[in-house]
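Notes follow once the structure below has been shown.
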Amino acid sequence: MKMTRLAATIAATMIATGPALAETLHFPSLSYRTGPFAAGGIPFADGYSDYLTLINERDGGIGGVPIRQTECETAYNTERGVECYQSIRGDNPLVLQPLSTGITYQLIPRTMEDGIPMHTMGYGRTSAVNGEVFNWTFNYPANYWDGASVIINYLLEENEGSLEGKKIALLYHNSAYGREPIPTLTNLAERHGYELLTIGVDSPGQEQGSQWLQIRRERPDYVVMWGWGVMNPTAIQEAANIRFPMENFIGVWWSGSQQDVRPVGAGAHGYKALAMHGTGMDYPIYEDMQQYVIDAGKYAGTGDEVGTVLYSRGMYAAMLAVEAAKKAQEIHGVAAITPAMMRDGMANLEITEELMAELGLPNFGPAFSVACENHGGSGAAMIQQWDAEAGEWNLITDWIEPDREMIMEMAMEDSLAFAAENNMTPACLN
Amino acid sequence: MLYREAGDFKTSYVADNQTFPIKFDRYGYYFILGFAFLVMPFIINDYWANSIVVPFLIYTIAALGLNILIGYCGQLSLGTGAFMACGAYGSYKLMTAFPELNIIFVIIIAGFITAAVGVLFGLPSLRIKGFYLAVATLAAQFFLIWLFTRTAWFYNYSPTGMISAPTRDVFGVAVTGPRASAVSMYMICLCFLVVTAWLARNLTRGSLGRQWMAIRDMDIAAEIIGVNPLMAKLTAFAVSSFFVGISGALLFTVYLGAAEAGEAFGIDKSFLVLFMVIIGGLGSIFGAFAGAFFLIVGPVLLKLLLVNGLGWPTDLAAHLEIMIIGALILVFLIVEPHGIAALWRTIKEKLRLWPFPY
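Those sequence lines, one after another, are chains A and B.
Residue numbers for the first sequence follow this note's numbering, so the first one is 1 and each next one is one higher.
Residue numbers for the second sequence follow this note's numbering, so the first one is 1001 and each next one is one higher.
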């Protein structure tokens, strides 16, 4: 008797809470706040969460539907990433952002099968720019091959249009992430006549003595770094130790945050990195952020990462996700959107400068639009340089365009190979 | 009272030598098998199958394999991660080179390939012992991972060095790739586990197992009574690597779907399986199950309790999880140095006499 009543109560609550749960927009966060990559994972997760909290607090959600956030710790580990994915996939996740190229590779086929959109902003599988094959994967506004090409274009500009006879070393995290730019850099080496030297660092990357010995011996003109987590400050420290000219050391956007240069102190002065968006607190959005999130005590984590490079990136990722959700609501005329609708919103996303200014982030990111043939946005990036005395990143260039023609050609080849491997016929979904 | 052998008379040597001589044990075993094969597939949901049960089954196979080597033959190995990688890369190469080959044969052949590699790296065990052998197998760990990350042939020249498993099916049901359902993944892992566990149990109580144990207990004495150390040690390496290879192949094809050698099969994986064997109990088949359960299912259950149950922040839960698992390992090793299997044995002894211990 007692048991039946209990069961009835449970059943009743489940029926009552069922529709109520559906009236929220679920934005999961696959974060990593532990492990050797936590230094990068924490600020990103904080920024992502704080922006969504801001939308909830200030606007009451997206189109009147509140956002529901969940977090799952992956520790940058692919096995735990898969476990996290399994735990949220039945819960209507609108968009997945795993912040790990390894986990992305694992989730691409699964999300295709399950119909869940995934956004890998500035990481993941580059050939996902071909939306005809990767219908559910997006990597706007820029990807690794764009980044590699932007760095080479910047160096071309620095060297009056010729890299003939120069030697460029790529110091990379020896994982799917770090190996991603090698094809582009190799292709560009043929085109521009520089010599490419690839030097891998095994994960997590605290041990780089032999790699820097090799750099000292080979004397490259430039060192380009594809590092993440604890590998970044170690590399910058080693570069400072061998007195490598810092202005010739350029990192990708994942190797250019405060956490990477601060431990090295004055030695890191002049280090350069790519920037796929603006940084710092000089944007109007931070007034709202202060009022609705920080002063209200609703911030994620400890709240001490606000305004750092990776915090800004998390915020940017959340902003793009929210705009895509708005677009989806507009297309389908429904406020409580499903993952499939969210995909349509992402596939038709259009970010203009006016929209960025309206959101309180003027000139923060590039203006771009997404289409089925191009899931990759504009690909443009800026170069920023670390000022150790002032303790801040300064943007030293305007937006630099990548060699998109070559990248699209390579991406086509790679994505069609993927399609052939999996017996797919490339086609747009809408 | 219930659990005792009194009145359970055996009339033949075969009956006397069976794996579960006590009726209660035997029925328990049949019940678990029946439950796993006939009931679980109908009640298991996707999350439980994919994130708890399947990895548990796969790691149990690895623990069984390592237990044969360390627990039964006394040869310390730190190369488990690399041998799992051998199974994974072997199955990948076979799957892509012979798309028509059934996945079950792919996994078994991957096991044989790993066995061959294991024998190769087991050769030094004839000369060196104990910790020195551990260092030699550590070299295998680093060498094989280096080979798999640097030689493009192993990952079919993919630009990122990742290998990914295409969809394959058994009797028309997809078991690998994204279309595989949770139940089919569960069933294929369960079948492999039951067969390997049965094989391990019967090998270890046969003449081969006795040779291994003789070598483990005192190799000189074993040699004097006529055990060939070359054969005993190399068969232990071969059988152990075969099991570990199967587990690596299953981990890659069925569970992960995509992997890269350094990340998925690093040194931490070697230690994980080693801890399973030590905590579960050296030289015990049940120990492999218990150790895998403790180290694979334990953290997930703890996470479910702390994050989903109590709503704690994920980072706090992750840190606590490391601390709690670490503390539990310490407690187990202090209270019962011979592992969970020995604890279970003590409980069984007590239960046989209960409620009249004198």
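All C-beta atoms, glycine included, are put in the ideal place defined by N, C-alpha and C.
In this model, D1008/B and Y1030/B are separated by some 17 Å (Cα to Cα). With respect to V1244/B, F1112/B sits apart: the two C-beta atoms are not nearer than 8 Å. Counted as a single uninterrupted DSSP element, the stretch harbouring I67/A is not any alpha helix (DSSP H) but the beta strand (DSSP E) occupying residues I67 to E73. Short of 7 Å from the beta carbon of N394/A, and not among the five residues preceding or following it, lie these beta carbons of its own chain, in chain order: Q384, Q385 and D387.
K1350/B counts as exposed, since fewer than 16 other beta carbons sit within 10 angstroms of its beta carbon.
Boundaries of the alpha helix (DSSP H) harbouring G345/A: P339 to A347, taken from the DSSP string. Proximity of A1264/B to chain A, defined by a Cβ-Cβ separation below 8 Å, is satisfied. Interface annotation, E1260/B: in contact with chain A, CB-CB separation under 8 Å.
With its beta carbon less than 8 Å from one in chain B, M112/A belongs to the interface.
Every unbroken stretch of the alpha helix (DSSP H) spanning 4 or more residues and falling wholly within the region 1017-1046 of chain B is given here in chain order: 1023-1034 and 1040-1043. Rounded to whole angstroms, P181/A and A1115/B show a C-alpha spacing of 36 Å. For V223/A, the uninterrupted beta strand (DSSP E) segment begins and ends at Y222 to W226. Beta-bridge partners of W386/A (DSSP): W393/A.
Under the Cβ distance rule, L1256/B counts among the residues neighbouring chain A, one pair being separated by less than 8 Å. In terms of Cβ geometry, V370/A and M346/A form a close pair [threshold 8 Å].
Close to M1162/B, with beta-carbon spacing below 7 Å, are these residues of chain A in chain order: Y105 and A176. Under DSSP, F368/A takes part in a beta bridge, and its partners are I351/A. Here the alpha carbon of G1065/B sits roughly 53 Å from the alpha carbon of I294/A. Listed along the chain, the chain B residues whose CB falls inside 8 Å of the CB of C428/A amount to none; the nearest CB is some 20 Å away. Taking C-beta atoms as the reference points, P1166/B and N348/A fail to come closer than 8 Å.
Per DSSP, the continuous beta strand (DSSP E) segment holding E195/A begins and ends at E195 to V201. With contacts defined as CB atoms closer than 8 Å, Y194/A and G102/A fail to qualify as a contacting pair. A direct Cα-to-Cα measurement between R1004/B and V1194/B gives close to 26 Å. Residue pairing for A1085/B: DSSP places it in no beta bridge.
Under a criterion of Cβ atoms nearer than 7 Å, the residues of chain A adjacent to S1051/B are, in order, E83, Q86 and S87. At a Cβ-Cβ threshold of 8 Å, M410/A and D398/A do not count as neighbours. For a Cβ distance threshold of 8 Å, residue set P1159 of chain B lies close to D414/A, ordered along the chain.
P1166/B belongs to the set of residues whose beta carbon lies under 8 Å from a beta carbon in chain A. At a C-beta separation below 7 Å, G1206/B has no neighbours in chain A, since its nearest C-beta there lies roughly 35 Å away.
For L1251/B, the three-state secondary structure derived from DSSP is helix. Note that the C-beta distance between N1067/B and G1283/B is below 8 Å.
By the Cβ-count criterion, Q291/A is exposed, with fewer than 16 other Cβ atoms from all chains shown falling within 10 Å of its own Cβ. Shown here for F1265/B: same chain residues with a beta carbon closer than 6 Å to its own, the five before and five after excluded, namely G1081, M1084 and A1085 in chain order.
For A235/A, the nearest beta carbon of chain B is not closer than 8 Å to its own beta carbon. Distance from the CA of A427/A to the CA of E132/A, rounded to the nearest whole angstrom, comes to 5 Å. With a cut-off of 8 Å on Cβ pairs, the region 200-214 of chain A is in contact with the region 233-245 of chain A, counting three or more such pairs.
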